[in-house]
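Novice:
In mature numbering (1 follows the signal peptide of the UniProt record, and there is no 0), the protein residues as written are -24 to -1, 1 to 262.
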């Protein structure tokens, strides 16, 4: 009698367990990776977003890893730069978590930039970047602070026409091409206000007197999550390192300092330390 009663109780308990609905969220068996534009040009970037993952994903492109950053909607995102000298062709973006991985095929297309021939004034011929400016600029542009500081669309930092595009191959004084243009040049009168393209934090102010012989008077702004902007050849700097700025705030004045043939602003944008075309940001939201 007792054994029969115990058997009945066990059967009832088992039935109650199987009839109770599970509230645990099932883990996905594949990664939810979104790359909206799978064909991009040299000097542009891929937007990679990963949703429905319980841990931070890792991301690799061309044998380099890129940090992904958590977004307000709980997805992870990275803006993955394409170096301007990348050989056009087919590549893959690899996204991996502890238990899953996915490869997304992408295409890098040529930007077909031409050669720009520049004649330097004799007073600036032969001037090279100092070790101080090379070291400081490189370190600042590689900043990867986790917080996204920018919101809304990006602002053109100065009025004026675009006198030189991103990615142009450059020949100085008739010599063979040694480099390419890592930003755009905006022609404007000396003293024209230069404004921050987006919210951010000033992480570098460099002056000619402090050794910035090539860049001239320079400001670099960290916008968060691997994005930085640079403003070169300024006549004056009106901000200090560590200062927070908002989009449209004046950070300096157009000038003619450093290696410069006329008053203009050199405006550059960098992702994870790699230069990308700033015109991709002007008026856009990311």
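Beta carbons are placed, not taken as given, at the ideal position from N, Cα and C, and that holds for glycine.
Hey, could you find the ends of the beta strand (DSSP E) residue 120 is sitting in?
Specialist: Here residue 120 refers to the residue found at position 144 of the chain shown. No beta strand (DSSP E) holds residue 120; DSSP gives it neither H nor E.
Novice: Taking buried to mean at least 16 other C-beta atoms within 10 Å of its own C-beta, is residue 13 buried or exposed?
Specialist: As a working note, residue 13 is residue 37 in the chain shown. Its Cβ having fewer than 16 others within 10 Å, residue 13 is exposed.
Novice: If we ignore side chains and look at the alpha-carbon of each, how far apart do residue 179 and residue 99 end up?
Specialist: Here residue 179 refers to the residue found at position 203 of the chain shown. Here residue 99 refers to the residue found at position 123 of the chain shown. Answer to the nearest angstrom: the Cα atoms are 30 Å apart.
Novice: Less than 6 Å between C-beta atoms, sequence neighbours within five positions excluded: which residues of the same chain meet that for residue 54?
Specialist: The residue labelled residue 54 in the question sits at position 78 within the chain shown. If we look at residue 54 and ignore the five residues flanking it on each side, its Cβ neighbours are 24, 35, 42 and 44.
Novice: Taking just the CA atoms, how far does residue 84 sit from residue 263?
Specialist: Given that the chain is displayed from residue -24 to residue 262, the structure contains no residue 263 and the question cannot be resolved.
Novice: Cα separation between residue 8 and residue 177?
Specialist: Counting from 1 along the chain shown, the entry for residue 8 is found at position 32. Counting from 1 along the chain shown, the entry for residue 177 is found at position 201. Near 33 Å, if we compare the C-alpha coordinates of residue 177 and residue 8.
Novice: Rounded to a whole number of angstroms, what is the C-alpha to C-alpha distance between residue 47 and residue 125?
Specialist: Mapped onto the chain shown, residue 47 falls at position 71. Mapped onto the chain shown, residue 125 falls at position 149. Taking the straight line joining both Cα atoms gives about 12 Å.
Novice: What does the Cβ neighbour count give for residue 91, buried or exposed, with the cut at 16 atoms within 10 Å?
Specialist: In the chain shown, the residue the question calls residue 91 occupies position 115. Classification for residue 91: exposed.
Novice: Using the Cα positions of residue 232 and residue 171, report the straight-line distance between them to the nearest angstrom.
Specialist: The residue given as residue 232 occupies position 256 in the chain shown. The residue given as residue 171 occupies position 195 in the chain shown. One C-alpha to the other measures close to 17 Å.
Novice: Taking Cβ positions, are residue 161 and residue 139 nearer each other than 8 Å?
Specialist: One-based indexing of the chain shown puts residue 161 at position 185. One-based indexing of the chain shown puts residue 139 at position 163. Cβ distance < 8 Å, so residue 161 and residue 139 count as in contact.
Novice: Less than 8 Å between the CB atoms is what I'm expecting for residue 105 and residue 189, so what's the real figure, rounded?
Specialist: Taking the first residue of the chain shown as position 1, residue 105 is located at position 129. Taking the first residue of the chain shown as position 1, residue 189 is located at position 213. At roughly 7 Å, the Cβ-Cβ gap stays under 8 Å, so residue 105 and residue 189 are in contact.
Novice: Do you know whose CA, among 17, 16, 20 and 6, lies nearest residue 74's CA?
Specialist: As a position in the chain shown, residue 74 is number 98, starting the count at 1. Of the listed residues, the one whose Cα sits closest to residue 74 is 6.
Novice: For residue -1, which of helix, strand or coil comes out of DSSP?
Specialist: Counting from one through the chain shown, the residue named residue -1 turns up at place 24. In this prediction, residue -1 scores a pLDDT of 39, lower than 50, which makes its location untrustworthy; the coordinate-derived value is nonetheless stated afterwards. Note: residue -1 maps to coil in three-state DSSP.
Novice: Taking C-alpha atoms, which residue in 226, 182, 141 and 21 lies nearest to residue 156?
Specialist: Locating residue 156 in the chain shown gives position 180, counting from the first residue. Residue 141 is the option with its Cα nearest to residue 156.
Novice: Could you tell me which whole beta strand (DSSP E) segments of length 3 or greater appear in the stretch 56 to 113?
Specialist: If we require 3 residues or more, the beta strand (DSSP E) runs fully inside the stretch 56 to 113 come out as 65 to 72, 77 to 85 and 91 to 94.
Novice: Between which two residues does the beta strand (DSSP E) containing residue 235 stretch?
Specialist: Position 259 of the chain shown holds residue 235. It is not in any beta strand (DSSP E) - residue 235 carries neither H nor E in the DSSP assignment.
Novice: Using a threshold of 8 Å, state whether the C-beta atoms of residue 223 and residue 175 are closer than that.
Specialist: Taking the first residue of the chain shown as position 1, residue 223 is located at position 247. Taking the first residue of the chain shown as position 1, residue 175 is located at position 199. A contact, by the Cβ cut-off of 8 Å.
Novice: Which of the three DSSP states, helix, strand or coil, is assigned to residue 195?
Specialist: As a first step, residue 195 is located in the chain shown; it is residue number 219 there, counting from the start. Here residue 195 sits in strand by DSSP.
Novice: Which residue wins for smallest C-alpha separation from residue 200, given the options 37, 21, 20 and 248?
Specialist: By one-based count along the chain shown, residue 200 stands at place 224. With distances taken between Cα atoms, residue 200 lies closest to 248.
Novice: Kindly indicate which three-state DSSP category residue 255 falls into: helix, strand or coil?
Specialist: As a first step, residue 255 must be located in the chain shown, where it is residue number 279. In the structure shown, residue 255 sits in a helix (DSSP, three-state: H, G or I).
Novice: What residues are listed by DSSP as bridge partners for residue 21?
Specialist: To locate residue 21, count along the chain shown from 1; it is residue 45. DSSP output for residue 21 lists 57 as bridge partner(s).
Novice: Leaving out the 5 sequence neighbours to the left and right, which residues in its chain are closer than 6 Å to residue -1 when beta-carbon positions are compared?
Specialist: Here residue -1 refers to the residue found at position 24 of the chain shown. For residue -1, the predicted model reports a pLDDT of 39, less than 50, meaning its position is unreliable and no value from the coordinates is stated.
Novice: With DSSP collapsed to three states, give me the class of residue 185.
Specialist: By 1-based counting over the chain shown, the position of residue 185 is 209. In the structure shown, residue 185 sits in a helix (DSSP, three-state: H, G or I).
Novice: Residue 163 lies in the beta strand (DSSP E); which residues open and close that run?
Specialist: Here residue 163 refers to the residue found at position 187 when the chain shown is read from its first residue. Segment 160 to 163, the beta strand (DSSP E) holding residue 163.
Novice: If you drop the 5 nearest sequence neighbours on each side, which residues of the same chain put their C-beta closer than 8 Å to that of residue 21?
Specialist: Here residue 21 refers to the residue found at position 45 of the chain shown. Excluding positions up to five away in sequence, the list reads 55, 56, 57, 58, 247, 252 and 256.
Novice: Taking residue 26 and residue 51 to be in contact with their CB atoms under 8 Å, please state how far apart those CB atoms are, rounded to whole angstroms.
Specialist: Residue 26 sits at position 50 when you count from the first residue of the chain shown. Residue 51 sits at position 75 when you count from the first residue of the chain shown. With 8 Å as the limit, residue 26 and residue 51 qualify as a contact, their Cβ atoms being about 6 Å apart.
Novice: From the DSSP output, in three-state form, read off residue 43 for me.
Specialist: On the chain shown, residue 43 is found 67 positions in, with the first residue counted as 1. The answer is coil: DSSP assigns residue 43 none of H, G, I, E or B.
Novice: Rounded to the nearest angstrom, what separates residue 132 and residue 108 at their Cα positions?
Specialist: By one-based count along the chain shown, residue 132 stands at place 156. By one-based count along the chain shown, residue 108 stands at place 132. Rounded to the nearest angstrom, the two C-alpha atoms are 29 Å apart.
Novice: Kindly list the residues whose CB is nearer than 8 Å to the CB of residue 203, restricted to its own chain and excluding five residues on each side of it in sequence; keep chain order.
Specialist: The sequence position of residue 203 within the chain shown is 227, counting from 1. Answer for residue 203: 55, 126, 245, 246 and 247, listed in chain order.
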